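Novice:
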Amino acid sequence: MKQLNRTNTGLEKRMPVKIVQFGEGNFLRAFVDYSIQELNDKANFKAGVAVVQPIDRGLIQMLNDQDGLYTLFMKGIQKGEVIQEKMLISSIVKGVDPYANFEDYMALAEGEDLAFIISNTTESGIAYVSSDTPDMAPPSSFPAKLTVFLNKRFTHFKGAPDKGLTIIPCELINYNADTLKDIILTYAEDWKLGEDFNYWIEHHNSFHNTLVDRIVPGYPRDEIEAYNQQLDYKDNLIVTAEKFFLWVIEGDEKLKAKLPFHQTDLEVAIVEDMQPYRTRKVRILNGAHTAMVPFSILFGNETVEETVDHPFTGPFVQKAVFDEIIDTLDMDKAELVKFAEEVFDRFRNPFIKHMLSSIALNSISKFKVRVLPS
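According to this note's numbering, the sequence shown holds residues 1 to 374 in order.
1) Am I right that A241 and V216 are in contact with their C-beta atoms under 8 Å? What's the rounded C-beta distance?
2) Looking at the secondary structure, which residues open and close the alpha helix (DSSP H) in which S296 lies?
3) Across which residues does DSSP place K75 in a beta bridge pair?
4) Out of M292, L237 and I19, state which residue places its alpha-carbon closest to the alpha-carbon of F27.
5) From this set, T147, K353 and V369, which residue's C-alpha is nearest Y128's C-alpha?
6) Less than 7 Å between the beta carbons of H208 and G164, yes or no?
7) Inspect the beta-carbon positions of C170 and T122 and report whether they are closer than 7 Å.
8) Would you report the Cα separation of M355 and T307, rounded to the nearest angstrom?
9) Provide the residue span of the alpha helix (DSSP H) that contains R107, from first to last.
10) In chain order, what residues of the same chain lie with their CB nearer than 6 Å to the CB of T328, ignoring the 5 residues before and after it?
11) Rounded C-beta distance between T9 and L231? I'm assuming under 8 Å.
12) If you drop the 5 nearest sequence neighbours on each side, which residues of the same chain put their C-beta closer than 6 Å to that of Q37?
13) Between which two residues does the beta strand (DSSP E) containing K18 stretch?
14) Could you have a look at P276 and say whether DSSP puts it in helix, strand or coil?
15) On the three-state DSSP scale, how would you describe K10?
16) With C-beta atoms as the reference, is Q21 less than 7 Å away from I118?
17) On the three-state DSSP scale, how would you describe K234?
18) Around the Cβ of S296, are there at least 16 other Cβ atoms within 10 angstroms (buried) or fewer (exposed)?
19) Given a threshold of 16 other Cβ atoms within 10 Å of its Cβ, counted over all protein chains shown, does I168 qualify as buried or as exposed?
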């Protein structure tokens, strides 16, 4: 079986680096890099992604061995129908390990075509580490790495207004971009990077809070042979995901023009305020999860799929969502119903085993946030 690379697949042309992405894990590859592929294919976006490994060990070498290529398998239920798709993703054009090649990392900051920073460094990644200093190569935390990167860009382009970046973190914390920006400005003050740099950050770079929603089981280790049989090349970076995709980004008409997702079929909402979408997800999806656990376990169910397919627990959860939870939310009713129907399709996904025992963890604190307000 041939090795997966650009020569063997005829994909030798690489797009210019418009995006620097912090993180090379399963979620970003199944969510962000997939969405950039869709923009390239359907909106002529012409964007390449340079992936930066945010910690001192990761997949960069494996990614570079495959020239940034990998296969995404999407499986799920849509309107009651089983959907299975596979897609070769080619949006990643290079991988950089700043721990092994710090100069290569900093060189990305000088890119003429660079326009976006995207990240997912886990919930704990957006954090201030007081021991980080600007002379470290690299600093330990993601915000400190980004601060030295932005300062390099600011210096290289002499503070040019048009060389600011659009920064879109995907970490699963509320107000992720606001938090990241605050930490960058804290480092700028600690490191005495100057008022001109602060002004450039504040006025010529934009930071956008986000909500991301897609279940990504990742590398199918237990079923890898079955997946390999569907390919005519050897892929060490196969990633699996559900079909459902939702990306909510706080932004304006300028951001919509920069990211023409309206030319794709992806559900990307660029909105003034993402909090209603966050509330919708927490109350409907997470709320249904937490509400079903105590009584569904008593009925002998072990998974979410078993719960919604059960003749008693299934209708109970349906009524809780459609007759009670939705009525408490201040959003368009048709939109809420559509989202709830998609949630139940996701609950019935036979390719994802979501254990009730894992949802039950920290149930009391979850109940207060997810269920009690409804």
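We put the CB at the ideal spot given by N, CA and C, even for glycine. Note that this is a predicted model, so its numbers are computed, not measured.
Specialist: Based on what the coordinates show:
1) In the sequence shown, residue 241 corresponds to position 241, counting from 1. In the sequence shown, residue 216 corresponds to position 216, counting from 1. With 8 Å as the limit, A241 and V216 qualify as a contact, their Cβ atoms being about 5 Å apart.
2) Position 296 of the sequence shown, counted from the first residue, corresponds to residue 296. It spans G287 to L298 - the alpha helix (DSSP H) in which S296 sits, taken as one unbroken run.
3) Taking the sequence shown and counting its residues from 1, the one referred to as residue 75 is at position 75. According to DSSP, which records beta bridges pairwise, K75 is partnered with Q84 and E242.
4) The count along the sequence shown starts at 1 and reaches residue 27 at position 27. It is L237 whose Cα lies nearest to the Cα of F27.
5) Within the sequence shown, residue 128 is the residue found at index 128, counting from 1. Considering only alpha carbons, the answer is T147.
6) Here residue 208 refers to the residue found at position 208 of the sequence shown. Here residue 164 refers to the residue found at position 164 of the sequence shown. No.
7) Position 170 of the sequence shown, counted from the start, is the residue given in the question as residue 170. Position 122 of the sequence shown, counted from the start, is the residue given in the question as residue 122. Against a cut-off of 7 Å, the Cβ pair of T122 and C170 comes out as no contact.
8) Within the sequence shown, numbered from 1, the residue matching residue 355 stands at position 355. Within the sequence shown, numbered from 1, the residue matching residue 307 stands at position 307. Whole-angstrom Cα-Cα distance: 10 Å.
9) Taking the first residue of the sequence shown as position 1, residue 107 is located at position 107. In the sequence on display, residue 107 carries Ala and not Arg. Run containing A107: F102 to L108, per the alpha helix (DSSP H) assignment.
10) For this step, residue 328 is matched to residue 328 along the sequence shown. S374, listed in sequence order.
11) For this step, residue 9 is matched to residue 9 along the sequence shown. For this step, residue 231 is matched to residue 231 along the sequence shown. Actually they are not in contact, since the Cβ atoms of T9 and L231 sit about 11 Å apart, beyond 8 Å.
12) Taking the first residue of the sequence shown as position 1, residue 37 is located at position 37. Counting only Cβ-Cβ distances below 6 Å, and skipping sequence neighbours, we find I89 and S91.
13) The sequence position of residue 18 within the sequence shown is 18, counting from 1. Taken as a continuous stretch (DSSP letters only), the beta strand (DSSP E) holding K18 covers V17 to F22.
14) For this step, residue 276 is matched to residue 276 along the sequence shown. Helix at P276.
15) The residue given as residue 10 occupies position 10 in the sequence shown. For clarity, residue 10 is Gly in the given sequence; the question names Lys instead. Residue state, collapsed to three classes: coil.
16) Taking the sequence shown and counting its residues from 1, the one referred to as residue 21 is at position 21. Taking the sequence shown and counting its residues from 1, the one referred to as residue 118 is at position 118. Yes, they are a contact pair.
17) Position 234 of the sequence shown, counting from 1, holds the residue named residue 234. If DSSP states are grouped into helix, strand and coil, K234 belongs with the strands.
18) As a working mapping, residue 296 is identified with position 296 in the sequence shown. By the neighbour-count rule (16 or more Cβ atoms within 10 Å), S296 is buried.
19) Stepping through the sequence shown from its first residue, residue 168 is reached at position 168. Burial call: buried.
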